[in-house]
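Those protein sequence lines, which keep their order, are chains Z and L.
Our numbering puts the first sequence at residues 1 to 219.
Our numbering puts the second sequence at residues 220 to 438.
All C-beta atoms in this analysis are idealised placements derived from N, C-alpha and C, irrespective of residue type, glycine included.
Protein chains: 2
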Amino acid sequence: MHALPDPDASQPDDTPAHPQRDSRAGQIYEAAARVFCERGFGQSSMNDVATAMHMTKAGIYHHISSKDELLFGIMSYGMDLFEERVVDRVEDIRDPMERLRAAIRAHVLLYTRDRPKEITVILNEPQSLRGDYRAQINRRKRRYVRFLNQTFRELKAEGRMRDIDPRVATFSLLGMINWIYQWYAQDGRLRDTELAEAYIDLFLNGVVRQDAAAKVSSS
Amino acid sequence: MHALPDPDASQPDDTPAHPQRDSRAGQIYEAAARVFCERGFGQSSMNDVATAMHMTKAGIYHHISSKDELLFGIMSYGMDLFEERVVDRVEDIRDPMERLRAAIRAHVLLYTRDRPKEITVILNEPQSLRGDYRAQINRRKRRYVRFLNQTFRELKAEGRMRDIDPRVATFSLLGMINWIYQWYAQDGRLRDTELAEAYIDLFLNGVVRQDAAAKVSSS
Numbered sequence: 001m002h003a004l005p006d007p008d009a010s011q012p013d014d015t016p017a018h019p020q021r022d023s024r025a026g027q028i029y030e031a032a033a034r035v036f037c038e039r040g041f042g043q044s045s046m047n048d049v050a051t052a053m054h055m056t057k058a059g060i061y062h063h064i065s066s067k068d069e070l071l072f073g074i075m076s077y078g079m080d081l082f083e084e085r086v087v088d089r090v091e092d093i094r095d096p097m098e099r100l101r102a103a104i105r106a107h108v109l110l111y112t113r114d115r116p117k118e119i120t121v122i123l124n125e126p127q128s129l130r131g132d133y134r135a136q137i138n139r140r141k142r143r144y145v146r147f148l149n150q151t152f153r154e155l156k157a158e159g160r161m162r163d164i165d166p167r168v169a170t171f172s173l174l175g176m177i178n179w180i181y182q183w184y185a186q187d188g189r190l191r192d193t194e195l196a197e198a199y200i201d202l203f204l205n206g207v208v209r210q211d212a213a214a215k216v217s218s219s
Numbered sequence: 220m221h222a223l224p225d226p227d228a229s230q231p232d233d234t235p236a237h238p239q240r241d242s243r244a245g246q247i248y249e250a251a252a253r254v255f256c257e258r259g260f261g262q263s264s265m266n267d268v269a270t271a272m273h274m275t276k277a278g279i280y281h282h283i284s285s286k287d288e289l290l291f292g293i294m295s296y297g298m299d300l301f302e303e304r305v306v307d308r309v310e311d312i313r314d315p316m317e318r319l320r321a322a323i324r325a326h327v328l329l330y331t332r333d334r335p336k337e338i339t340v341i342l343n344e345p346q347s348l349r350g351d352y353r354a355q356i357n358r359r360k361r362r363y364v365r366f367l368n369q370t371f372r373e374l375k376a377e378g379r380m381r382d383i384d385p386r387v388a389t390f391s392l393l394g395m396i397n398w399i400y401q402w403y404a405q406d407g408r409l410r411d412t413e414l415a416e417a418y419i420d421l422f423l424n425g426v427v428r429q430d431a432a433a434k435v436s437s438s
């Protein structure tokens with residue numbers, strides 16, 4: 001799983017999950033992430049990656065041992081970004097409601113403002129990674145699931161949440177946010193910050209006007 | 220795009236979107252949908268489909284002209300199922316709130332109870348279909364987006380919906396429901412009907428206890 005030492009890099013690059021972005025191996029990860037985003041992992045070949053790098057396939061294999069290693073390195077880097085920008089920033093917020101708001105905001109903004117291609121690959125290719133690589137990425141995904149689940153449990157224990165299964169709340173929220181990749185365009189129709197606040201509002205308060213609830217339940 | 224007439228079938232099979240399930244072409248679509256679900260489209264070859272059918276690749280090509288045609292046929296059938304079980308059943312409900320509830324219920328139950336592999340392929344492979352095939356499937360997906368959007372507009376016009384952009388409501392709901400494929404297991408922990416009602420409740424009323432809202436906004 002480790003890349004070979006890169007003669008072009010100023011430091012030895014033995015951490016494919018955090019490739020030096022200015023090393024040759026790092027550039028290969030960058031190019032591969034672009035290729036996988038555009039064509040999908042299954043439809044991409046090491047030849048495509050080589051072409052994008054203006055290198056030979058043998059040149060690529062000097063740095064990277066397999067397409068699977070490349071995918072794992074990209075996803076690991078995507079998870080690093082996700083943890084750094086979302087989980088690490090919000091998990092110490094004491095009030096669970098504020099923690100939840102901050103998590104939704106950071107998560108939505110990461111997707112809408114930054115749109116890291118490594119995270120696009122994670123979302124587009126849930127089935128492409130195999131074996132132990134897949135298990136490692138799934139373990140990191142589960143950390144966020146546990147974090148959300150725990151936040152909903154706290155809200156419930158404090159009597160601040162409606163009678164909803166924390167697991168259902170967790171996966172509903174994940175679905176709402178992860179789907180953003182499928183439809184949100186940075187076309188100015190809806191600004192990223194507006195979307196983040198709208199998601200917080202919709203998820204916390206629902207769609208129905210409460211003063212119209214009586215009308216609803218009698219309809 | 221049309222399959223060749225199937226000598227094994229009792230009727231000529233010229234509708235790949237609705238292959239006769241008992242014809243040889245129909246069986247190939249069935250097998251291919253299973254293969255694409257398990258391995259992903261990009262990682263599957265016509266050889267894999269042939270192996271699953273105990274046929275030669277030439278035998279497969281007697282019925283199907285390309286892997287892309289196969290994917291399009293599978294997705295078209297998935298859209299047929301979706302329209303038949305969800306959109307067609309609910310679009311004539313006059314009251315928009317009841318229509319929305321019925322749509323969420325039908326959509327969730329289709330995914331949790333029936334889990335058609337053709338719909339799994341649609342959800343897993345949004346990027347795999349190309350050109351005109353992709354445009355045709357996207358056109359059918361947009362029909363449901365328009366249906367939801369229109370329902371939210373009606374709710375808003377009637378003063379029954381909070382101040383939420385109908386587009387945000389539409390895509391939030393689609394995300395919540397489409398994500399079910401990623402996590403829901405038929406393990407009995409959460410019954411399909413319970414999940415459907417929980418989704419209706421959560422989406423319409425949100426997570427926060429309204430009598431705790433004051434506490435929330437002051438926190």
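Straight-line gap, residue i to residue j (C-alpha atoms, nearest Å)
i: residue 201/Z; j: residue 317/L; result: 23 Å
i: residue 84/Z; j: residue 107/Z; result: 11 Å
i: residue 199/Z; j: residue 312/L; result: 28 Å
i: residue 32/Z; j: residue 343/L; result: 21 Å
i: residue 253/L; j: residue 127/Z; result: 14 Å
i: residue 36/Z; j: residue 70/Z; result: 10 Å
i: residue 372/L; j: residue 61/Z; result: 55 Å
i: residue 266/L; j: residue 285/L; result: 12 Å
i: residue 102/Z; j: residue 404/L; result: 29 Å
i: residue 257/L; j: residue 131/Z; result: 14 Å
i: residue 427/L; j: residue 395/L; result: 17 Å
i: residue 374/L; j: residue 355/L; result: 30 Å
i: residue 294/L; j: residue 151/Z; result: 38 Å
i: residue 170/Z; j: residue 291/L; result: 33 Å
i: residue 210/Z; j: residue 173/Z; result: 21 Å
i: residue 96/Z; j: residue 301/L; result: 38 Å
i: residue 337/L; j: residue 399/L; result: 15 Å
i: residue 165/Z; j: residue 408/L; result: 11 Å
i: residue 43/Z; j: residue 53/Z; result: 17 Å
i: residue 133/Z; j: residue 139/Z; result: 10 Å
i: residue 309/L; j: residue 360/L; result: 16 Å
i: residue 191/Z; j: residue 168/Z; result: 28 Å
i: residue 162/Z; j: residue 366/L; result: 29 Å
i: residue 187/Z; j: residue 122/Z; result: 24 Å
i: residue 306/L; j: residue 348/L; result: 23 Å
i: residue 115/Z; j: residue 278/L; result: 44 Å
i: residue 15/Z; j: residue 57/Z; result: Legend: pLDDT at residue 15/Z = 40, less than 50; position of this residue unreliable, value from coordinates given subsequently. Spanning the two alpha carbons is a distance of roughly 21 Å.
i: residue 362/L; j: residue 368/L; result: 10 Å
i: residue 397/L; j: residue 364/L; result: 13 Å
i: residue 183/Z; j: residue 402/L; result: 21 Å
i: residue 249/L; j: residue 55/Z; result: 41 Å
i: residue 80/Z; j: residue 68/Z; result: 18 Å
One or two residues paired with residue i in a DSSP bridge
i: residue 427/L; result: 161/Z
Assumed close pair residue i, residue j - CB separation to whole angstroms, cut-off 8 Å
i: residue 282/L; j: residue 247/L; result: 6 Å
i: residue 78/Z; j: residue 425/L; result: Rounded, the Cβ-Cβ distance is 30 Å, inconsistent with contact.
i: residue 109/Z; j: residue 196/Z; result: 6 Å
Residue environment, residue i, which counts as buried when at least 16 other CB atoms sit within 10 Å
i: residue 40/Z; result: buried
i: residue 264/L; result: exposed
i: residue 112/Z; result: buried
i: residue 193/Z; result: exposed
i: residue 203/Z; result: buried
i: residue 269/L; result: buried
i: residue 157/Z; result: exposed
i: residue 339/L; result: buried
i: residue 245/L; result: buried
i: residue 379/L; result: buried
i: residue 24/Z; result: buried
i: residue 219/Z; result: Here residue 219/Z scores only 44 on pLDDT, less than 50, and its place in the model is too uncertain to base an answer on.
Contacts of residue i in chain C (Cβ-Cβ under 9 Å)
i: residue 305/L; result: The question asks about chain C, but that chain is absent: this structure's protein chains are Z and L.
Please specify which runs of the alpha helix (DSSP H), each continuous and at least 4 residues long, are wholly inside the segment 73-113 of chain Z, giving them in chain order.
-> 96-109
Hey, which unbroken runs of the alpha helix (DSSP H) at 4 residues or more fall wholly within the segment 393-423 of chain L?
-> 399-402
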